[in-house]
Amino acid sequence: MNELKIIKAEELGPAQYDSPLKGQISRFYNGEGISAGDRTKDFVQYEKIADIEFFELGGPREKLFFNPKEVTVGIVTCGGLCPGLNDVIRALTFCSLNSYGVKRVLGFKYGYEGLVAKYYHYPIELTTDNTDDIHEKGGTILRSSRGQQDTEEIINTLLHYGVNILFTIGGDGTQRGSRDIVEGLKARNLPIAVVGIPKTIDNDISLIQRSFGFETAVEATWDLITNAHAEAKAFRNGVGLVKLMGRQSGWIAASAALANCNVNFCLVPEVPFDLHGPNGFLFHLKQRLKRKEHAVVVVAEGAGQYLFEQRTDTDKSGNKRLQDVGDLLNDEIDRYFKSEKMEVNIKYFDPSYNIRSRRANANDSMYCLRLGNNAVHAAMAGKTNMIVGLHHDRLIHVPISMIGPRKTIDPQSWFWQTVLQTTLQPANMINA
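Just so it is clear: in the sequence shown, position 68 is 1225 by my numbering, and no numbers are missing.
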């Protein structure tokens, strides 16, 4: 039988310690994988089955690289808030202490700033007592910040506190920082594991099926869109305009449109549209109002950025600063209908921070628990320079180097076709 071609995470060295989980779990995992591709066209390039690539499955290993009793774990949360951050912190803490019996768990405050001495953000020791109920709250008990910090300073702090394993909870910028830390550790020949738990409420990390907090975010839009629908129907030619998260991808906006089914226009970054002209959005909105006397419009924050003068400045995480498409649509809808001498009543909803700061729903909370546990399993086995995530409904290890461009909606996909069928908006709102 041919050996599977498994894409493996980097390892610090041979695993030689017996896992304390023996007898507590039904089985250990080793050498198992799940196919990297998911469609026929992904496999036709291979001449034989042995060439198919598989991601390494997550799960507890029978042998560990670290002696648990000697291990100090560090945890850091970076970037914007997202439902489930506290759930992941709790899972990492409980699994490290209860399942493996590590020496201690330290939480570094304010993102990567907490790992740089000059900021004087002293770490807090995390226990099963002080993290017991944190999953019942939104936000992060470790607080957060944006932007990279000096890698050598971070490594010096890890050494100062005797950290053997660092868990980084954050988006692509955070994981680029993780990769830099790993490279710095290699240069100094330091056996410290760095494992990432990817975080983006936009659900746009490549290769990862679903990011934690996404389902909670979509669920939170239900009442907002329902309220926007009620406002729109209460007034003549009412328009409920809702702006949702989604810088480069429209997963939340599109999923919200499908979940609620009262959305008539869903505008996302992946599908360009014109505002004016015989096939522009405003013309089609007018036709909708003539037929039904109300409309609900959902727009992702990154949609229609080409309608503005381009700006080049970025935030501390290196993300391009977005123009406010919600304000633009609000103003343009009002201006257009005045020029058409047609009454319109616009109600604008911008719930972004209200959604980001929510506690995770039940399904996300369960997912966060699994992510945290499997991150600990991987790190204790000496795996590093990797993230854990869901792929084909299984938790896998992904080398950070494989994280590519953001995952976006394919306008030709069944998913987007379902959005079009639900909203009844034109597939193309670009003037010829």
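No residue lacks a Cβ here, since even glycine has one placed at the ideal position from N, Cα and C.
Counting C-beta atoms within 10 angstroms of its own C-beta, L1316 has fewer than 16 neighbours from the protein chains shown and is therefore classed as exposed.
Under DSSP, N1502 shares a beta bridge with G1395.
Cα atoms of D1431 and V1399: separation of roughly 19 Å, rounded to the nearest angstrom. Burial check for G1539: the Cβ neighbour count within 10 Å reaches 16 or more, so the residue is buried. Between N1394 and E1500, the C-beta gap is smaller than 9 Å, which places the two residues in contact. Rounded to the nearest whole angstrom, the C-alpha separation of S1335 and I1544 is 10 Å.
Taking the Cα positions, N1346 is about 28 Å away from K1162. Less than 9 Å divides the Cβ of A1166 from the Cβ of A1535. Partner residues in a beta bridge of V1273, as assigned by DSSP, do not exist. Leaving aside the five residues that flank T1288 on each side, the residues in its chain whose CB is nearer than 6 Å to its CB run, in chain order, R1247, T1250.
DSSP places R1333 within a helical segment (H, G or I) once states are collapsed to three. Leaving aside the five residues that flank T1575 on each side, the residues in its chain whose CB is nearer than 7 Å to its CB run, in chain order, L1415.
According to DSSP, I1191 shares a beta bridge with F1212. Note on the stretch 1433-1499: whole alpha helix (DSSP H) runs with a minimum of 4 residues are 1438-1449, 1482-1496, in chain order. With respect to the 9 Å criterion, Q1305 and G1330 are classified as neighbours on the basis of their beta carbons.
Cβ neighbours of P1426 within its own chain (closer than 7 Å, five residues either side excluded): G1403, Q1405, S1406, G1407, A1457, G1459, A1460. P1225 sits in a helix when the DSSP states are folded into three classes. The DSSP assignment places complete alpha helix (DSSP H) segments of no fewer than 4 residues inside the stretch 1521-1585 at 1571-1580, in order along the chain. For the pair of segments examined, the stretch 1578-1589 was found not to touch the stretch 1373-1380: the number of CB pairs separated by less than 8 Å stays below three.
Taking the CA atoms as reference points, V1351 sits about 54 Å from K1443.
For E1293, no pairing in a beta bridge is given by DSSP.
Annotation: the continuous alpha helix (DSSP H) that includes L1315 extends over 1308-1317.
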